[in-house]
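Enquirer: Structure incoming, see below.
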């Protein structure tokens, strides 16, 4: 419960010093125990699980354990799919407040790997028509108000990737649900990160504005 997560959070720096690359099994066991709160129906438990995962990753980095962070990322987003990242996606769907709380988890646990997270590992787990676009739109809205959110997403290429993805799936060749979700992602990028959106769109600015204008017209959005 919350009390246990709070207790581990208070001792996370000491825990990070113990969980080095020399004991990857111990690190994975500790992370696995901490992430189970993401599966909880309790919003508070899920939020504390996010705080703990982010704190442990931060302390691993502060302890100078880059190899341990690699172990932690491979645990979080295993190449075959599933894993705690899938639990994080479900937690964000279950508890809206968890979306913003996940940014520190992504930023710390996926140190320098946000582009891989959004460009590879999340799409691999969100394969339905428009699923990734919808999740990314919700995430961008939540991350926009998070300290350091814009800078990290822009500097690691996440905003430009999401813009390109949304422009591609807003095209007429895609099913209505996928197009509607893609346009919603474009709108969210435009509203939350206007300067970055303009820069990311680059030479595709005209189709971007056309897609945005289309979503504002009656009957636009297809199956949305």
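Numbering (my numbering), first residue to last: 18 to 241. Where is the CB? At the ideal position from N, CA and C, for every residue including glycine. Owing to the predicted nature of the structure, the values given are computational and were not obtained by experimental measurement.
1) So for residue 94, helix, strand or coil by DSSP?
2) Just curious, the alpha helix (DSSP H) that residue 12 is in, first and last residue?
3) Can the beta-carbon of residue 138 be found closer than 8 Å to that of residue 102?
4) Would you kindly check if the distance between the Cβ of residue 52 and the Cβ of residue 29 is under 8 Å?
5) Buried or exposed for residue 201, please, with buried defined as at least 16 other CB atoms from any protein chain shown within 10 angstroms of its CB.
6) For the alpha helix (DSSP H) containing residue 138, name the first residue and the last one.
7) Would you decide whether residue 58 is buried or exposed? Buried here means 16 or more other CB atoms lie within 10 Å of its CB.
8) Grab the span of the alpha helix (DSSP H) containing residue 55 for me, first residue to last.
9) Among residues of its own chain, excluding the 5 on either side of residue 64, which ones have a beta-carbon nearer than 6 Å to its beta-carbon?
10) If we count Cβ pairs, one from each stretch, closer than 8 Å, do we get three or more for the stretch 125 to 134 versus the stretch 80 to 95?
11) Give me the residue from 136, 73, 18 and 62 with the minimum Cα distance to residue 174.
12) Taking the alpha-carbon positions, what's the residue 141 to residue 19 distance?
13) Can you give the beta carbon distance from residue 94 to residue 134, rounded, assuming they're within the 8 Å contact cut?
14) In or out: residue 24 buried (at least 16 other Cβ within 10 Å) or exposed?
15) What is the DSSP secondary structure of residue 216, counted as helix, strand or coil?
16) Say whether chain D places a C-beta atom closer than 8 Å to the C-beta of residue 176.
17) My output table needs one value for residue 130: the three-state DSSP class, helix, strand or coil.
18) Using only the alpha-carbon positions, how far apart do residue 237 and residue 146 sit?
19) Do the CB positions of residue 130 and residue 178 come within less than 8 Å of each other?
20) Have a look at residue 166 and residue 44 and give me their C-alpha separation to the nearest angstrom.
21) Given this structure, state the Cα-to-Cα distance separating residue 176 from residue 74, to the nearest angstrom.
22) Using C-beta distances below 8 Å, list every residue in its chain close to residue 26, excluding the 5 sequence neighbours before and after it, in chain order.
23) Which runs of the alpha helix (DSSP H) fall wholly inside the stretch 136 to 175 and span at least 4 residues, in chain order?
Expert: To lay it out plainly:
1) Within the chain shown, residue 94 is the residue found at index 77, counting from 1. The three-state secondary structure of residue 94, taken from DSSP, is coil.
2) This structure cannot speak to residue 12, because the chain is shown only from 18 to 241.
3) Working through the chain shown from its first residue, we reach residue 138 at position 121. Working through the chain shown from its first residue, we reach residue 102 at position 85. In contact: residue 138 and residue 102 (Cβ atoms closer than 8 Å).
4) Within the chain shown, residue 29 is the residue found at index 12, counting from 1. Within the chain shown, residue 52 is the residue found at index 35, counting from 1. Remark: C-beta atoms of residue 29 and residue 52 do not approach each other more closely than 8 Å.
5) Taking the chain shown and counting its residues from 1, the one referred to as residue 201 is at position 184. Per the 10 Å Cβ criterion, buried.
6) As a working note, residue 138 is residue 121 in the chain shown. Taken as a continuous stretch (DSSP letters only), residue 138 belongs to no alpha helix (DSSP H), as it is neither H nor E.
7) Translated into positions along the chain shown, residue 58 becomes position 41. By the 10 Å Cβ count, residue 58 comes out exposed.
8) By one-based count along the chain shown, residue 55 stands at place 38. Segment: none, residue 55 is in no alpha helix (DSSP H) and carries neither H nor E.
9) As a position in the chain shown, residue 64 is number 47, starting the count at 1. The beta carbon of residue 64 sits closer than 6 Å to those of 118, all from its chain and outside the five residues before and after it, given in chain order.
10) By the Cβ test, the stretch 125 to 134 is in contact with the stretch 80 to 95, since at least three Cβ pairs between them sit closer than 8 Å.
11) Here residue 174 corresponds to residue number 157 of the chain shown, with the count starting at 1. Of the candidates 136, 73, 18 and 62, the residue whose Cα lies closest to the Cα of residue 174 is 136.
12) For this step, residue 141 is matched to residue 124 along the chain shown. For this step, residue 19 is matched to residue 2 along the chain shown. Between the C-alpha atoms of residue 141 and residue 19 there is a straight-line separation of about 31 Å.
13) Within the chain shown, the letter at position 77 stands for residue 94. Within the chain shown, the letter at position 117 stands for residue 134. That belief holds up - the Cβ atoms of residue 94 and residue 134 are roughly 7 Å apart, short of 8 Å.
14) Translated into the one-based positions of the chain shown, residue 24 becomes position 7. The residue in question, residue 24, is exposed, as its Cβ has fewer than 16 Cβ neighbours within 10 Å.
15) For the purposes of this step, residue 216 is taken as residue 199 along the chain shown, with counting starting at 1. In the three-state DSSP reduction, residue 216 falls in the helix class (H, G or I).
16) Among the protein chains of the structure shown there is no chain D, as only one such chain exists.
17) Walking along the chain shown from the start, residue 130 turns up at place 113. Three-state result, residue 130: coil.
18) One-based indexing of the chain shown puts residue 237 at position 220. One-based indexing of the chain shown puts residue 146 at position 129. Reliability of the predicted coordinates at residue 237 is poor, the pLDDT of 45 falling under 50, and no value is obtained from them.
19) Position 113 of the chain shown, counted from the first residue, corresponds to residue 130. Position 161 of the chain shown, counted from the first residue, corresponds to residue 178. With respect to residue 178, residue 130 sits apart: the two C-beta atoms are not nearer than 8 Å.
20) The count along the chain shown starts at 1 and reaches residue 166 at position 149. The count along the chain shown starts at 1 and reaches residue 44 at position 27. One alpha carbon belongs to residue 166, the other to residue 44, and they sit about 27 Å apart.
21) Locating residue 176 in the chain shown gives position 159, counting from the first residue. Locating residue 74 in the chain shown gives position 57, counting from the first residue. Distance between the alpha carbons of residue 176 and residue 74 is about 23 Å.
22) For this step, residue 26 is matched to residue 9 along the chain shown. Taken in chain order, the residues that qualify are 65, 68, 69 and 72.
23) You should have 139 to 142, 148 to 160 and 166 to 172.
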